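Following: one structure in structure tokens, then a few remarks.
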Amino acid sequence: MGLHKLSSPALAQTGKLGITEQMEASLYIHIPFCARKCAYCDFYSRAVEQSAPEIDRYLAWLYEEIVRQLEGFHITRVPTVYIGGGSPSFIGARRLEALFKFLAAVLPGKPDEMTIEVNPESVDDDLLAACAAGGIQRLSAGIQTFNGASRAALGRPGGASELHARLRPLAAGGFDISFDLMTALPYQNDAVLAADIESALIYHPVHISLYDLCVEAGTPLADPSYQHRDALHSPEDAASLWIKGRDMLEKAGYHQYEVSNFALPGKESRHNTRYWRMYNWLGVGTTASGTLIDDNTGSGVRYADGAEEMLSRTTLIQETLMMGFRTLEGPDAELFMQRFQTDITDVIPQTLAAWRKQGLLSATKTALTRNGLLVLNKFLADCFTELDASLMLQ
Ligand code: SF4
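Counting in the numbering used here, the sequence shown runs from -10 upward without gaps.
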């Protein structure tokens, strides 16, 4: 089904879903501003001056939108809040302080987890103080790499010494720290990757996301004239670097719990886990989308950028598989049964049996193994083929 224009009455779609009385939903807030664009970035973000009035206009709109969604969807609990970007830290301590005060005033109670993405180059003492006072527990810092040559090839300023100078106060602030690191970067080899991971571990992050660099169409990296083109890795080398990174993190005590995410025990991202389990969330901001599902009928609504889409039971089953199998726990089997009135193992029995036989599906739960996750897309293709065939028979 296509997207329709979202008008105020569209919020009443929740009525059709039978979820008008009380609802719990996480909240994602998108701050789409950055100091400059990185060469690989295909996220929606705009490079502006920090003093640009458009940031303030955007925040004013954001405030209205947060209230509109909380009230319109009758949200009575917000278990997690995630402020992502762009670079939320780029807008500065003063604006963030105001955002946190606003959230404290309008949210129904205190969230269990509040996370903000920060760019180390825009972190200073005022910003850390604002985060602490604003109830932020997790800081997710985009490091990508400490290596100067790789950073330059990504269009990221500074080298290891500048990063360390920014990270020391960040790590001493009493927050749970999460780092984003990347593999398959130009000029990265095994030794550079090992040094990146060792440098990150100095700060005792509780969580690390390890992303394989993707060359996305339309980004400078995909341009034939990209200056560092020869330093990009073949898909085989890229896969091997990521696996080496994974093994180093696991050796250091971080367990993989999702395709790209590793954590110390108990320090997994609750907010992201809620997406992967397909729990309800509100999305506020440019390109942010929200999804609300009626647990009793297995249908839902997704809204984004002023438009909305009703999600059918079939679409939601597909999405539940797609999101759930990203994690080493697999989809939430109990919720699957409640929403869709069928057991997950009855929906894709052949795929599960075949993948278990190959040792790529856990013997004890409905979830891929670590090696199974490396070929997640192939697994999902098998799931959807089986699902389509069984739906045609109905
Ligand atoms: S900081 Fe993040 S959002 Fe901003 S341009 Fe770089 S990758 Fe994109």
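Virtual Cβ for every residue (Gly too), placed ideally from N, Cα, C.
Predicted model only: the values in this text are computed from it and were never measured.
- In this structure, the straight-line span from the alpha carbon of Lys26 to that of Pro146 is close to 11 angstroms.
- Secondary structure note for Thr304: its alpha helix (DSSP H) is the uninterrupted segment Arg302 to Gly313.
- Relative to the non-hydrogen atoms of the ligand SF4, the Cβ of Ser249 never comes closer than 8 angstroms to any of them.
- The criterion of a C-beta distance shorter than 9 angstroms is not satisfied by Phe164 and His196.
- In this structure, the C-beta of Tyr71 stays at least 8 angstroms away from each heavy atom of the ligand SF4.
- Annotation for Arg25 indicates a beta carbon within 8 angstroms of some heavy atom of the ligand SF4.
- In the assembly as shown, Val95 is an exposed residue. Its beta-carbon has fewer than 16 other beta-carbons within 10 Å.
- Cβ contact annotation for Phe325 (same chain, cutoff 7 angstroms, sequence separation greater than five): Thr309 and Ile333, in chain order.
- Your pair Val107 and Ser150 does not check out as a contact, with CB atoms roughly 19 angstroms apart and the cut at 8 angstroms.
- As summarised for the region 71 to 96, the continuous alpha helix (DSSP H) elements at least 4 residues long and confined to that stretch are 82 to 95, given in chain order.
- Around Tyr71, the same chain offers Tyr17, Thr104 and His260 as residues with beta carbons nearer than 6 angstroms, after the five sequence neighbours per side are excluded.
- Rounded to the nearest whole angstrom, the C-alpha separation of Arg127 and Ile166 is 6 angstroms.
- Relative to the Cα of Ala370, the nearest Cα in the group Gln307, Arg345 and Asn360 belongs to Gln307.
- Inclusion of Arg328 and Asn285 in the CB contact set at 9 angstroms is warranted, their separation being smaller than that value.
- Not one heavy atom of the ligand SF4 is found less than 8 angstroms from the C-beta of Ser214.
- A direct Cα-Cα distance of roughly 11 angstroms separates Pro158 from Leu152.
- Around the beta carbon of Ser223, fewer than 16 other beta carbons lie within 10 angstroms, which makes this residue exposed.
- Distance from the C-beta of Tyr192 to the nearest heavy atom of the ligand SF4 is not below 8 angstroms.
- Each of Asp179, Ile80, Ala28 and Val67 was checked against the Cα of Pro42, and the nearest Cα belongs to Ile80.
- Annotation for Phe135: Ala149, Leu152, Asp185 and Ser188 place their beta carbon closer than 6 angstroms to its own, counting only its chain and skipping 5 residues before and after.
- Relative to the ligand SF4, Ser301 has its C-beta separated by 8 angstroms or more from all heavy atoms.
- Where Asn250 is concerned, the enclosing beta strand (DSSP E) starts and stops at Asn250 to Ala252.
- Listed in chain order, the alpha helix (DSSP H) runs fully inside the region 272 to 353 are 302 to 313, 322 to 329, 333 to 336 and 338 to 346, counting runs of at least 4 residues.
- Beta-carbon to beta-carbon, Ala227 and Asp201 are separated by about 6 angstroms, close enough to satisfy the 8 angstroms threshold.
- Along the region 116 to 199, the alpha helix (DSSP H) occurs as fully enclosed runs of 4 or more residues at 137 to 143, 149 to 160 and 179 to 190, listed in sequence order.
- At the C-beta level, Pro175 and Ser139 come within 9 angstroms of one another.
- The closest CA to that of Ala28, considering only Gln133, Glu110, Met311 and Gln58, is found on Gln133.
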